[in-house]
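Q: Chain order of the listed sequences is R and W.
Under the working numbering, think of the first position of the first sequence as 1, with each following residue one higher.
Under the working numbering, think of the first position of the second sequence as 1001, with each following residue one higher.
2 protein chains.
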Amino acid sequence: MSGERLIYMPLGGAGEIGMNAYVYGYGKPGQERLIVVDLGVTFGDMDGTPGIDLILPDIAWLEARRDRIEGIIVTHAHEDHVGAVGLCWDRLRAPIYARRFTMAIAKLKLEERGAQIPDSMLREVGAWPETFQLGPFSVGFVPISHSIPESAGLVIDSPDGRIVHSGDFKIDPTPVVGEPFDPELWAEIARPGVRALMCDSTNVFSPHPGRSEATLVDSLGALLRESKGLVVATTFASNVARLQTLANAAAASGRSVCLLGRAMRRMVDTATATGLLTQFPKTVAPEDASQIPRENLLLLVTGSQGERRAAASQLSSQGYMGLTLQEGDTFLFSSRTIPGNEKPVSRIMNQLSEKGVDVLDDEGGRYHVSGHANRPDLETFHDIIKPQFLIPMHGEHRHLREHMKIGEAKGLKSIIATNGMMIDLSGNAPKVAEYVETGRTYLDGAVQIGSMDGVIRDRMRMALNGHVTVTLIVDEQDEPLGDPWCELMGLPAKGRSNADLVEVLEADLSQFIHRAEKRTLRDDERLEKELIRLVRQTSQAEIGKKPEVTVVVSRLV
Amino acid sequence: MSGERLIYMPLGGAGEIGMNAYVYGYGKPGQERLIVVDLGVTFGDMDGTPGIDLILPDIAWLEARRDRIEGIIVTHAHEDHVGAVGLCWDRLRAPIYARRFTMAIAKLKLEERGAQIPDSMLREVGAWPETFQLGPFSVGFVPISHSIPESAGLVIDSPDGRIVHSGDFKIDPTPVVGEPFDPELWAEIARPGVRALMCDSTNVFSPHPGRSEATLVDSLGALLRESKGLVVATTFASNVARLQTLANAAAASGRSVCLLGRAMRRMVDTATATGLLTQFPKTVAPEDASQIPRENLLLLVTGSQGERRAAASQLSSQGYMGLTLQEGDTFLFSSRTIPGNEKPVSRIMNQLSEKGVDVLDDEGGRYHVSGHANRPDLETFHDIIKPQFLIPMHGEHRHLREHMKIGEAKGLKSIIATNGMMIDLSGNAPKVAEYVETGRTYLDGAVQIGSMDGVIRDRMRMALNGHVTVTLIVDEQDEPLGDPWCELMGLPAKGRSNADLVEVLEADLSQFIHRAEKRTLRDDERLEKELIRLVRQTSQAEIGKKPEVTVVVSRLV
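Have a look at this one:
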């Protein structure tokens, strides 16, 4: 043995769905040459991360080893795989490798965030059998079917053997747009022997074989043919195949297509510019759409997850770009609601219902199919690849565990590797080499903050308990000058005593201040502590909760 | 015509699922004698109502007409039907009517909130054919199957005809505990003719006939028999039939039953005390449970919706009352996750997965059935009752609309009546008589607040944008005394300039203050406005968001 090793470590996407970032390395321990696969985001929510727009992997570990990174590979153009490229690149500065369409999207991400990347660092690559060298690795992008065109699994050859990184995938022989899943190609890749398969786990709990994108052609066609009024369809903008199917169905039923929402237009433009969409009908501009009879129009709109500012939400309430919905129109969610988004999606459905619009959702698969491999499809893929080790990725812990069990049942050596677990793949079985401290970085407005630095904790506390500002002036003799003042935010006006809460608080604080010992009045820290304690105590008695308190003591000197 | 009319008005539960409260009235317009059916709650969440424990209907309209209320009827003991009784009673002071078990739960709610209700106002009533008079109405509780024992539909006879108020129901001939659905009884009730059916709409989108509670007996039995380690099962505490089935299965597989969670014990105690549970096995106390071999134990626990402080959540992390889970144990969600609770439920599932505990959910109906009538069952009920009018209730707008369409397709006159719509039922078709201003009341700690009074809006803003306190002292000559101070809460420490945000803010504010015109410094309102504007402007430049600001100007006089 040379003392070198092959390592794998997820920094995001393992133990969660979203925010994918995986690292492979080869070399002497601590000196491995590294490649990064995907840099994705996940989305914040009011529940756990109020005010946070995007969540990205903590890349501090990578940044500290920047000189060892050979390249950043992007498997496909979904936000949870490419969304953090623009936000992270300046800290990593390694060349980016992607196929054409994916690279076009990555470029948009880089521009959006003002990343200072030279063109030479953007390395567009072709599909397998083309490969390229990244330090000790030889890498190839193998076309694989998913819900966005040009998705790729990776073949990563190292001195310690071949790795297959599935990327996000499903087994779809007829994906409408893009490359079908090709079992012979994968079998050929597997032939020399595969040391480890890193495999998508998203749909491991779905017991039935997945269905092809092409199975929707008939049902979507019938829907558009049979609907009387305007039809609106929402899906992920990146689901270019679905857009194509809907557009074809529109053409067949005499409807013009209008794209609403920036992401929708951008995706169709990019897919067209990169040659993926060649048959997409000419669309009408939103400002011209209202001239077209309703029954001759299909709107393809963003906002399938209930995003408040997206076209779907706007259409369900006041309208969008001059277009409004009415009784007799049909609104189709050609999508699945991601867990956690049920409430905003229902809100839209109910608003549409109030307008008399007929709402259709996936209807048990009639109008939507998943982009991920279900359990039997995962097994099919395992059986094609026949890896020595199966390392589940892209899933919450329960998905990874279930996937590991499937592997073990077939005699594949498996391990649950969650974010920050560095796995040594060089031996007879995958084993944990190291636990790396990792976590999440929040994009808060324009600033990246750590998830554990207390900002969000304070926001959540203010949201749960309200906020009180107490101000007090103390004169040169350490005597209070006048009474303390309170300002409330996010608190009920009156409490149990039915007096104004602010007055009760100010009365209690005044009484305290005027009785306080000199040593308390002299000591800022002590004074602040006492005032906070008192505000919280009085509030608890009056309103049954303890607010967050900011105390400002101003001393005249 | 006597000039009298029969009215119906939902104050909660119509246009939403939860927080049920319905009003019926009969008399001259504006002088109707009223009955209230159910006073339920719904639950707050971080998303829309941070810090709010419970949400209840706004009963201002009822309170203002308190002298016209003949009685408050509680159909069954679910929180969304009985949960607000304790919180509302002091404002309504009408007698409460319920069957035995439901009344026992209502009493607990009243006690919990310290309602000062005399015993004479608690009127326990028997089941149909027993009826009682409430002003112009004669009312009877008709047993109907649901997921809690002793649920009742109501027959409300008025001078203008018979109303059937379904309550929450399913068609279950074998509900394990409690009374089966009795089609003959309902047919007999329908025989004299029913003017209006107010009907549960919860499951109107479920296309297949519902399944009986009894269908779970075999699958739950097999699960308990075949599991090797400790088994934990969670379900709604009020699903007494499910608890009975699980307890029976435990007994059959040699397991002792231990109840964890206050609600679970309370519900079993109440059901036993009121004679509903006669066969429930003797349970072991939590403190004795750890003495029992794991494979001989079943824990029945609260927290099926992921509630953070409930037993299920505690068991998935550090343990509960000395009991901990381990590899080889099984955790069953014998429940459905209510939309909106997916994330907390997943959190528990993943924590259990990390412990190596096998997690089972309803598995497509194997371990859980719904308590509400699915679409075909609703149609069966319509066909039995044969009402003149069908008024859908207990549903979001889209459920009510779908249910209305079903009714209309069979020639039933129907209308969508959402909260605050008073419907006149006396004519040939239901019609809107009036729109009453209504809404939601929040229980915030110990205080009831209105949903529109700005408290929650301010909390959400602080949660999204953080908070800045600015203090400034102005002397007797209207000159600033020293510099303004800023205190931040819930904001990043540093912004784009990489300087401390607080210092950038204070520098900008100081500069402004020392250049400000006298007329600004003299004018509190103007000064405050300018300081807020400046803080928000600087913050936008530094961190890309505009915080909430509290300004305190102290003037020495």
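The beta carbon of each residue, even a glycine, is placed where N, CA and C say it ideally should be.
Under 8 Å, Cβ to Cβ, is there at least one residue of chain W near R/Glu342?
A: Interface residue, yes.
Q: Per DSSP, R/Val633 is paired with what?
A: Beyond the ends of chain R as shown, which are 1 and 557, falls residue 633 of chain R; an answer cannot be given.
Q: Consider the Cβ of R/Asn465: report whether some Cβ of chain W lies at a distance smaller than 8 Å.
A: Yes, contact with chain W.
Q: Give a yes or no on whether the minimum CB-CB distance between W/Asp1182 and chain R is below 8 Å.
A: Cβ-Cβ to chain R under 8 Å: no for W/Asp1182.
Q: Compare the C-beta of R/Trp89 with all C-beta atoms of chain W and state if any pair is closer than 8 Å.
A: By this cut-off, R/Trp89 is not an interface position.
Q: How about R/Leu297 and R/Arg255: do their beta carbons lie closer than 8 Å?
A: The answer is yes: Cβ separation under 8 Å.
Q: Buried or exposed, going by whether 16 or more other CB atoms sit within 10 Å of the CB of W/Tyr1024?
A: Buried is the call here.
Q: Would you call W/Met1001 buried or exposed, if buried means 16 or more other Cβ atoms sit within 10 Å of its Cβ?
A: For W/Met1001, the predicted structure reports a pLDDT of 49, less than 50, and the residue's modelled location is therefore unreliable. A value from the coordinates is still provided. Exposed is the call here.
Q: Apart from the five residues just before and just after W/Ala1104, which ones in its own chain have a Cβ nearer than 6 Å to its Cβ?
A: Contacts found: Thr1270 and Thr1274.
Q: Which residues mark the beginning and the end of the beta strand (DSSP E) in which W/Trp1485 is found?
A: Residues Trp1485 to Met1489.
Q: Roughly how many angstroms lie between the CA atoms of R/Asp358 and R/Lys413, to the nearest whole one?
A: Answer to the nearest angstrom: the Cα atoms are 50 Å apart.
Q: Given W/Met1404, which residues of its chain have a CB within under 8 Å of its CB, disregarding the five upstream and five downstream residues?
A: If we look at W/Met1404 and ignore the five residues flanking it on each side, its Cβ neighbours are Leu1390, Pro1392, Ser1414, Ile1415 and Ile1416.
Q: Measuring alpha carbon to alpha carbon, tell me which of W/His1382, W/Ile1073, W/Met1019 and W/His1146 ends up nearest W/Ala1084.
A: Taking only the C-alpha atoms, the option nearest W/Ala1084 is W/Met1019.
Q: Compute the Euclidean distance between the alpha carbons of R/Pro207 and R/Leu220, then round it to the nearest angstrom.
A: Taking the straight line joining both Cα atoms gives about 25 Å.
Q: Name, please, each residue of chain W whose Cβ falls closer than 7 Å to the Cβ of R/Ile449.
A: Per Cβ cutoff of 7 Å: Pro1492.
Q: Would you say R/Asn419 faces chain W, with C-beta separation under 8 Å as the test?
A: No, R/Asn419 does not count as interfacial toward chain W.
Q: Please determine, among W/Asp1045, W/Gly1048 and W/Gly1030, the residue with the shortest C-alpha to C-alpha distance to W/Ala1064.
A: Minimum Cα distance to W/Ala1064 is reached at W/Gly1030.
Q: Report yes or no: do three or more beta-carbon pairs, one from the stretch 1107-1117 of chain W and one from the stretch 1152-1166 of chain W, lie closer than 8 Å?
A: With the cut-off at 8 Å, the stretch 1107-1117 of chain W and the stretch 1152-1166 of chain W do not touch.
Q: Taking C-alpha atoms, which residue in R/Thr441, R/Gly365 and R/Met462 lies nearest to R/Phe43?
A: Per the Cα distances, R/Thr441.
Q: Could you check how far apart the C-beta atoms of R/Met489 and W/Asp1053 are, in whole angstroms? I think they sit under 8 Å.
A: At roughly 20 Å, the Cβ-Cβ gap does not stay under 8 Å, so R/Met489 and W/Asp1053 are not in contact.
Q: Quick check: the Cα distance between W/Met1421 and W/Leu1472, rounded to an integer number of angstroms?
A: Going by the C-alpha atoms only, they are around 51 Å apart.
Q: Taking Cβ positions, are W/Glu1295 and W/Lys1355 nearer each other than 8 Å?
A: Cβ distance not < 8 Å, so W/Glu1295 and W/Lys1355 don't count as in contact.
Q: Quick one, which of R/Thr438, R/Thr234 and R/Gly328 has its alpha-carbon nearest R/Val257's?
A: Out of R/Thr438, R/Thr234 and R/Gly328, R/Thr234 has the C-alpha closest to the C-alpha of R/Val257.
Q: Identify which residue in W/Ala1106, W/Lys1170 and W/Pro1159 has its Cα closest to the Cα of W/Ser1147.
A: The candidate whose alpha carbon is nearest that of W/Ser1147 is W/Lys1170.
Q: Alpha carbon to alpha carbon, how far is W/Val1553 from W/Leu1332?
A: For W/Val1553 and W/Leu1332, the distance between alpha carbons rounds to 58 Å.
Q: Residues of chain W with CB closer than 9 Å to the CB of R/Lys545, please, in chain order.
A: Correct list: Gly1051, Asp1444, Gly1445, Ala1446 and Val1447.
Q: Report the CB separation of R/Gln244 from R/Val177 in whole angstroms; it is logged as a contact under 8 Å.
A: Contact flag correct, Cβ pair sits at about 5 Å.
Q: List in chain order: all unbroken beta strand (DSSP E) runs of 3+ residues lying wholly within the stretch 1371-1411 of chain W.
A: Listed in chain order, they are 1387-1393.
Q: Specify the secondary structure class of R/Gly25 as computed by DSSP and reduced to three states.
A: The answer is strand: DSSP assigns R/Gly25 an E or B state.
Q: Output, in chain order, the set of chain R residues within a Cβ distance shorter than 7 Å of W/Asp1047.
A: Those within 7 Å of W/Asp1047 in chain R are Met46, Asp47 and Lys343.
Q: Per DSSP, what kind of secondary structure is W/Leu1332 in: helix, strand or coil?
A: Strand.
Q: Is W/Ile1096 helix, strand or coil by DSSP?
A: It is a strand residue.
Q: Chain R beta carbons: is any one of them nearer than 8 Å to that of W/Arg1559?
A: Summary: the structure shown does not reach residue 1559 of chain W, with chain W confined to residues 1001 through 1557, and so no result is reported for it.
Q: Mind pulling the chain R residues with CB within less than 7 Å of W/Arg1398?
A: Within 7 Å Cβ-Cβ: Met349, Asn350, Ser353 and Val359.
Q: Along chain W, which residues have their Cβ under 7 Å away from the Cβ of R/Val455?
A: Neighbours of R/Val455 on chain W, chain order: Gly1490, Leu1491 and Pro1492.
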